[in-house]
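Here's the structure, in structure tokens; my notes come after.
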Amino acid sequence: MSQRALHDGWVLRAVPGPRVPPEVADRAVPATVPGCVHTDLLAAGLIPDPFVDDNENRLGWIGRTDWVYETTFAWQPGDDERVDLVCAGLDTVATVTLNGTQVGRTENQHRGYRFTVGPLLRPGANTLAVRFDSAYRYAEAHRDRLGDRPNAYPEPFHFIRKTACNFGWDWGPTVVTAGIWQEIGLHAWSAARLATVRPLVTVAGDTGRVELHVEVERAAEVPLAVHATVAGAAVEVTVPAGERTAVATLTVRDPELWWPVGYGEQPLYDLTVTLHAEDGRVLDGWSRRIGFRSVRLDTAPDAHGSAFTLHVNDVPVFVRGVNWIPDDAFPNRVTRQRLAERFAQAVGANVNLLRVWGGGRYESVDFYQLADELGLLVQQDFLFACAAYPEEEPFRTEVEAEARQQVTRLAGHPSLVLWTGNNENIWGWHDWGWQEPLAGRTWGRGYYLELLPEIVGELDPTRPYWPGSPWSGSEDVHPNDPAHGTTHIWDVWNTDDYPKYREYVPRFVAEFGYQAPPTYATLRRSISDQPLVHDSPGMAHHQKAVDGDRKLQRGLDAHLPAPADFDDWHYLTQLNQARAIQLGVEHFRSHRPVCAGTIVWQLNDCWPVTSWSAVDGDGRRKPLWYALRRAYADRLLTVQPRDGGLALVAVNETGAAWQAGAMVTRLTLAGEPRATTSVDLDVPAYSSVVLALPPELARPDEARRELLVAEPWDATERALWFFAEDREIEWPAAELDATVEPVDGGQLVRVAARTVLRDLTLFPDRLDPSAEVDQALVTLLPGESAAFTVRADVPLDPAALTRRPVLRCVNDITAGTG
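Each residue of the sequence shown is one higher than the one before, starting from -11 at the first, in my numbering.
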């Protein structure tokens, strides 16, 4: 058995057509495989960067053009009985030819393919070509054949099994890709090979069990043996001639359990499977690192509706999640190192779950391996989003094949804890006016409530399946009912102010979000507007949400002083995003265990854009990231409105009781105490405690001049409560003393407050794109100080680090307003 990658020597050509520009027509372009047309054209200097300014608008012809990839490779025959061409991923409507003979056709980006090519190979030079037909032409032809169906955007993404957000989203560019996007190569083998290996890992008491399902493909009807080992256990089973499947069971006593990050360690065990001929020769092999853990989903009815609580190893886990979208519109640029950086940012923000959203793609092996290693839980959507999907052929067959392949591929990863049927499609059918235009045509229900649960039940019964996000658990209950199952909260961003989050006590919030622009360095790399203003042409193009700027302005008007210039607008919109999500997360966590999880929309971006992300399209952390780190802390102290007053809520997401004290003080902006009390915190593991505050603390004498501070006596971050909105507060002019000193690997900025400083934040990327800071959104009372560590590739100007627009706080914008 041998495998040979075919990644070298490729060239790319456009099939002649009226849309192809002269500089590309008849041009052989060097091609990178794995890769895509856009990145190849960009590398050849034939197109401008699609992520800069409005270049995207001039590149729509790429998705409406047919393309041919071609390479020549040398081949010498050997003794193998079979030679296959293995295509891990073709995007999307592809015709594969070898030496002029068609060997296969594909119509699904989310599947891999294998074609027998031995008889077509010849000694010496061989020519392999892959033609990609326009995804638009394919999708529009099926739309016209089957009848249109509603969706959230005016694009035919639901009529092709391809990354939906390639066709544009309210945070993404329209860059309809084509190409050999995953590995391609030759696999030579004899007698038999391992077609699929599917380990089902369970734990009961002190015993771990691996039920190993093996499928073989044969070139000869001979007896075979499957040998498997893990954690010192070994088993061998025979596959008699004529048989193609086998099940082997391995039992491991007292395995170390795999835990989510923050709940324990993540021990992984090498599972090795080999296929042997009757004479003992090794024909094929397979290996993966697995973890032993149990997972179940509690959806039992109770006094509040019906639960949605994830249990890992019989411990209820409060999900502190983020939604994950493709990290780049062009997947070949998402390397393992880039994923590791993004995952480190997630863990650094105290995130414990990534939801792979249904409008993207099934992620790379690196993604799930890193999640296994770090303890990041994964909720995996099947790839349907925001549209009515046809269930007619060829789609039903493609969906079934895709689902079977992906469930089998991912079944061994301990990080994967939940399969989800779709994103918002059941909700859309109920509430988005779909039923009349559908006129009885299929829309995907059969996938989410019949086909997919059957496939998961057959191939991966170790994990729960949930038909949709959102989904209430029953067709008799509205799919987005907050009292049942999972819910999405989007009225806050679309129509209401973010304090409305407090009107919800949901069982599990799978999506909620608030927008802000990316960091300044990211804006300046991707937008050349002079001057740069919030509605300049480049900024407008990089705002994809309907009425996005108006919604940002509505939020500013409700809470913050009016910005005087772009620098103010940029700081305040980023601040407002951070505050909105922090308010929502802290409110939802304060209702633990009725609410059992939150998944913020969204962690990341796929290009530089104004969006709901915490980490922007160039990988830089927005202020939201720092707010999320606080709101998702293992131990959270938060002030919440309760029963007409205020309460101090302590949330403990650790396995040890939290016993500490705290001082709660109502004081003036000048730091003068008006009322104070001490409280004892005694919070059991994995629980929360609500402590009502007395009226003398909860009711200010002068709302515009006072705040509440809850200061714990341990290392937990303090909680603040302001009695009025910033635009109404009588802020003093900001007075501070700032110094800068070099430290190992960076600079230390010390800020001493002579007045209150509200949400003090450093933006060092304004001085150098490499610069980042360790904390943000720090509120100081008079006499307090804070230290910020700034790291950059070059030393930064100390004077610039301590003044506007790098060093900002709310009350440097205006004082005494209202």
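All residues carry an ideal CB built from backbone N, CA and C; glycine is no exception.
Quick caveat: nothing in here was measured; it's all calculated off a predicted structure.
- If you check the CB distance, G409 and G456 come in under 7 Å.
- For E718, the three-state secondary structure derived from DSSP is coil.
- About 7 Å separates the Cβ atoms of V639 and S578, confirming a contact at the 8 Å cut-off.
- For the options H558, A550 and T507, the alpha carbon positioned closest to that of D523 is the one of H558.
- Going by beta carbons, P752 and V761 fall inside the 7 Å limit.
- The beta carbon of D537 is closer than 7 Å to those of H522, D523 and Q531 in its chain, skipping five residues each way along the sequence.
- Comparing C-alpha distances from G416 to each of P458, G348 and D622 shows the shortest one belongs to P458.
- DSSP, read as helix, strand or coil, puts E253 in coil.
- Bridge pairing for F155: T162 [DSSP].
- Per DSSP, P441 is one residue of the alpha helix (DSSP H) stretching across L440 to L447.
- In the same chain as R137, and ignoring 5 residues on each side of it, the C-beta atoms closer than 6 Å to its own belong to A376, in chain order.
- DSSP, reduced to helix, strand and coil, places D464 outside both helices and strands of the structure shown, so it counts as coil.
- Inclusion of V395 and D479 in the CB contact set at 7 Å is not warranted, their separation being larger than that value.
- Straight across, the Cα-Cα distance linking G461 with C24 is about 40 Å.
- Under the 8 Å Cβ criterion, the region 206 to 220 does not count as touching the region 43 to 62, having fewer than three qualifying pairs.
- Note that the C-beta distance between E772 and R742 is not below 7 Å.
- Taking C-beta separations shorter than 8 Å and ignoring five residues to either side along the sequence, the partners of A645 in its chain run D670, V671, P672 and A673, following chain order.
- By the Cβ criterion, the region 78 to 85 is in contact with the region 107 to 119, since at least three pairs of Cβ atoms, one from each stretch, lie closer than 8 Å.
- The count of Cβ pairs closer than 8 Å, one atom from the region 151 to 160 and one from the region 343 to 351, reaches three, so the stretches are in contact.
- Looking at C75, Q393, A550 and G293, the one whose alpha-carbon comes closest to that of V465 is G293.
- Here DSSP, grouped into helix, strand and coil, assigns Y502 to coil.
- For W454, the beta-bridge partners assigned by DSSP are T408.
- According to the DSSP secondary-structure assignment, T184 is paired through a beta bridge with E203.
- By the Cβ-count criterion, T233 is exposed, with fewer than 16 other Cβ atoms from all chains shown falling within 10 Å of its own Cβ.
- Looking at the backbone, the Cα of H264 and that of H215 are separated by about 8 Å.
- No Cβ-Cβ contact shorter than 7 Å links V105 with V74.
- Considering only T704, W589 and P18, the residue with the shortest C-alpha distance to T642 is T704.
- With fewer than 16 other Cβ atoms from the protein chains shown falling within 10 Å of its own Cβ, G733 counts as exposed.
- Annotation note: the region 268 to 327 contains the following uninterrupted beta strand (DSSP E) runs of length 3 or greater, listed N- to C-terminal: 270 to 278, 283 to 286, 297 to 300, 303 to 305 and 307 to 312.
- In this structure the region 613 to 624 lies against the region 564 to 577, because at least three pairs of beta carbons, one per stretch, are closer than 8 Å.
- Looking from the CA of R181, the closest CA among F145, D79 and R269 belongs to R269.
- According to DSSP, residue pairing for V81 in a beta bridge involves E95 and D121.
- Taking a cut-off of 8 Å on C-beta distances, the region 44 to 54 touches the region -5 to 7, as three or more cross pairs fall below it.
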